[in-house]
Each structure stands twice: as structure tokens, then as C-alpha cells.
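Working notes for the structure below.
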Amino acid sequence: MQNPQKIAVVGSGLVGTLLAIYLKRQGHTVHVYDRSPDIRTVEFSGRSINLVMSNRGWKAMEDVGLDDEIRKIGIPVDKRAIHLKDGKLNYQYYGKDGEAIFSLSRGVLNRRMIDLAEAEGVTFFFEHKIWDVTLATATLHIGETERGEWTELQYDKVFGADGAFSRIRHRMQRQSMFDYSQEFMKLGYKELHIPANADGTHKIDKNSLHIWPRGNFMLMALANLDGSFTCTLFMPFEGENSFEQLKDEASLVDFFANYFPDTAAVIPDLVRDFFKNPTSYLAIMKCYPWTFEDKVALIGDASHAIVPFYGHGMNAGFEDITILSEMMSKYGDDWKTIFSEYQKSRKPNADAIAELSLRNFIEMSTKTADEKFLLQKKIEKWFSDKHPDKWMPLYSRVTFSLQPYAEALAIGDFQNKIMEEVMQMPNIEAIWNSEAVENKIIDLLK
């Protein structure tokens, strides 16, 4: 336990809410502010990508004993189901037997997390618009409009957990020596929906991440507890095979009949969902420093927004909390050191998962349809199963371990160079699980 302080968390999303629980457990008074209505009282918006929880996220949950609660609202996913254009279906298992990520509905998880935080004694203030913060005094400025009258709210500490377009970071950006970059992808996404069967069962395998890879665009689907799937169509905004091309019902129906013919039986409301739901943007945001003295700190997307293709936005944000908590245990009430060590530890790893997430779009949308790539993955899994002390595939390092992201990226690049040589071996398709291949990899690892 630390000396009790009065702490504000701006943002009632997943990271802000879990952080509030951690801070409350340390004996602090914790107030969470959000400009939106209480998510428990509103219908979800149709602009969500289902979340996947992996080891880093579970670690943060386990440390405060919430993992069993959250597992009840998730579905284990142990493989990719790759739907090729010719109707063929390939499966690619993620890790060793029993290793799985968990599919979670963002809305369901967020509502449950707020309930759990309130049960801990955290106080939430919804529909409260924070426009600015005085960094030196951890004072929040709240009001109905940006140009209207503001009220001051004084705290000992402020955490900005208010997402990629954070108001807290906006104030920090106006300091000298603050680095900031924002990059929008030329790619957007739209939510679609596969409903449950009449008896509440799932229309397709619920324990797979379904991917329809089509080069520079793709469709993916993850299961929900109610028998439905949240689908996400990722594609460019402009050009061939883009959102700008799908302007009416006829062009949309023709496009899906051509590129995703097997979805006709499972997405009955394609036209309605496509034109009702917004087309959303994807952005990568980086900044540094993440803290101001011992008063203000950024966490989660407010400090490192990434694209969703590795399923690690939430997991990386939760790992921020794990590391912050470790620094709190190590340095007690020395918040200046806590903040300094927290940002130094997390920044290189946040940059690494941003890079990994970008790369994974190419893997999911293009490489998963490539027989050569699938063979490479098969060889890696075979060698890893035989020599677990010598090889852990990159995906497993990122998803099923707690190895720092930056280390996982560096080792993954080294392993990929080895695999490029292995894939050049004559007749590799026939000898992929031979002693010759095994010895080649062992030699290249030396």
C-alpha cells in the first residue's frame, strides 16, 4: 500500500478502468471521468473490432484476481480459419495444444470492467467533458463546451487513459521537447455481423479467427457468446477494391459474390449493416515523454495507439498497467521515479508492437493465402515442437509469453532470416520435416 492520494483517471475504457482498480487496491481515492454516457446504458455503436486477450492481458487480470470473472465472457480461439477464394478452408493453429487467445466483445468487457471497478470503490463521472489539464498541479478543467465556462478539479495525480485523441496528451504536446507523430493508414474498416442460428449456436467454428485474405483487403470474424460473430471488413478508402467503389447495393452484392462467395449464407443483413455502420479510420500514434514530473502520466492508446492486426492494443495497454504496478511496488511513494522508470521500460516495447501490428496486416491479408508461407509456418511449428529450447515462433513470443515486445521483434527478425534460407533448400516441400532441414536450422542458429 502507498500513502493515499486523490487520483483522477481520464477515460473509462478498458485500460482506464483496470488502472482505476489497481490504484484503488493501493489505497488511493480514484475518480474516473469520461465525456461519453455510461456504456452500460447505451447500445454499442457498430464501429467495434472484437478484442482478443492473450498472456499479457491475462497477467494484468490475474494480478488483481479478475481473470476468472473475465474468462466467463470470452471464447477461446486456438487457430486461424483461412477462407480462400476458391472455397478451400485451411486451418493454422496458433501455438501448442491448449494455447489459445480469447475472443471478447469490447462492449461486454467494458461494461463488466466498470461494474468490477465500482465494486472496488472507484467513482465514475460520465458525461463530464475534460478539456484541459494544468500539468504542474494535476488540475483538470471541466465544462460543457470547449469555449465556455470551466470548473477546476484538483488532484494529486492525473492519468490520461483517454485514447488515441487524448485531451491530456494534447496539453502535454504543447511543451517543448515533446515528440509526437500520428499516421493514418490508407485503410479503413467497417463492422458487419454474422447472426446466430435460430437455436443460438454459431454458424461457423466459434474457436477460430476467421480470415478471408484477398491481398490489399480482407474480411475477418470473431465469435461472441450469443452465437453471433463480429465481422470486420478492412480495405483501402480509395482505388481498386476500395470503400469508394462500393457506393450502392448492386456494387456491394457483386463485390461480395466475387470475393467472399461463402459469406452469402451467413451474412444475411450485409446491405443493411454495410450502409448503416460507419467506415472507421486506423491510426498509429507515438509520443514521448509519457509523463510530467510526478503529476501526470499517459497510458494505453493515449501514449501508443496502434493498428489492430496483432490483437494487442488492449494487451499492450494492460501490460502498461503491469509495469506501472511493478514500479509502484519497487519505488513506494517516489512517484517521480515510478513515472520515469515506467515510461523508459514501456516506450521501446510500444514502438515494437506498433511495428509488429503493421506487419501482421500483410501476413493476414496476403501471406495466409500463400502455400509457401503456410509451409514455412508448418516447418517452424515442427522444429519448435522438437526443440522448444531452441525455437519459439514469433507469434508465440508475442502472444503466449511475457517476453518484452522489443526482444520478440528482434529475435523474430533473426528467425525469419534463417527461414528464408531454409525455404530455398531444393525440394523443400517434400523434405520439410527431414533431418537435413533440422540440421540446417540448428547450424544457422549457431
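Just so you know, we're using our numbering here: the sequence shown kicks off at -5 and counts up by one. Each residue gets a CB set at the ideal place from its N, CA and C atoms; glycine is no exception.
Simplified DSSP state of G51, which is helix, strand or coil: helix
So, with DSSP's three-state summary, where would you put F254? coil
Can you round the beta-carbon distance between A155 and L13 to whole angstroms, since I take them to be within the 8 Å contact cut? 6 Å
Go ahead and pull the three-state DSSP assignment for Y399. helix
Per the contact definition of three or more C-beta pairs closer than 8 Å, is the segment 110 to 124 in contact with the segment 83 to 97? no
Unbroken beta strand (DSSP E) runs of length 3 or more, entirely within the segment 278 to 358: which are they? 290 to 292
Residue ranges of each beta strand (DSSP E) run of no fewer than 3 residues wholly in the segment 105 to 187, ordered along the chain? 117 to 120, 124 to 128, 133 to 137, 144 to 148 and 151 to 154
For E287, which option in R266, A400 and T131 has the closest C-alpha, if you only look at C-alpha atoms? T131
Is H455 near A2, with beta carbons less than 8 Å apart? Any answer about residue 455 is impossible in this case: the structure gives the chain only from -5 up to 440.
To the nearest angstrom, how far is it from the Cα of R19 to the Cα of F355? 38 Å
Nearest to K66 by CA position, among Q167, N252, T11 and R106, is which residue? R106
How about V152 and V4: are their beta carbons less than 8 Å apart? yes
Proximity to D437 [Cα-Cα], best of V290, Q409 and E423: Q409
Our contact map puts F119 next to P31 with C-beta atoms below 8 Å; I'd like the distance itself, whole angstroms only. Between P31 and F119 the Cβ distance is about 12 Å, and since that is not below 8 Å, they are no contact.
Where does V392 fall in DSSP's three states? helix
Count the other C-beta atoms from every protein chain shown that fall within 10 angstroms of the C-beta of Q370, then say buried if there are 16 or more, exposed otherwise. buried
Compare the C-alpha of E37 against each of T393, L350, R100 and W329 and name the closest. R100
Under 8 Å between C-beta atoms of K53 and T393: no
Mark E357 as exposed unless 16 or more other C-beta atoms lie within 10 angstroms of its C-beta, in which case mark it buried. buried
Between the CA atoms of Q(-4) and Y16 - distance to the nearest angstrom: 12 Å
Under the three-state reduction of DSSP, which class applies to S274: helix, strand or coil? strand
Across the segment 302 to 315 and the segment 41 to 60, are there enough close Cβ pairs to call them in contact, namely three or more that are closer than 8 Å? yes
Leaving out five residues on either side along the sequence, give the residues of the same chain with a beta carbon under 6 Å from the beta carbon of M279. A158, Q176 and A299
Tell me the rounded alpha-carbon separation between Y87 and F333. 39 Å
So what does DSSP say about A217, is it helix, strand or coil? strand
Other residues of its chain near K73: CB distance less than 8 Å, five sequence neighbours each side excluded: Y85, Q86, Y87, Y88, N201, S202 and L203
Among H122, N210 and L98, the one whose alpha carbon lies nearest that of M47: L98
Identify whether T35 lies in helix, strand or coil by the three-state DSSP scheme. helix
In whole angstroms, what is the alpha-carbon distance linking W376 and N427? 7 Å
Candidates N191, K440, I33 and K338: which alpha carbon is nearest G221's? N191
Using C-beta distances below 6 Å, list every residue in its chain close to A348, excluding the 5 sequence neighbours before and after it, in chain order. I278 and I300
Are R165 and L129 close, meaning C-beta to C-beta below 8 Å? yes
Which of helix, strand or coil DSSP assigns to R29: coil
Would you call the segment 171 to 188 in contact with the segment 226 to 246, where contact means no fewer than 3 C-beta pairs closer than 8 Å? yes
Anticipated Cβ contact below 8 Å, A400 with P342, distance rounded: 5 Å
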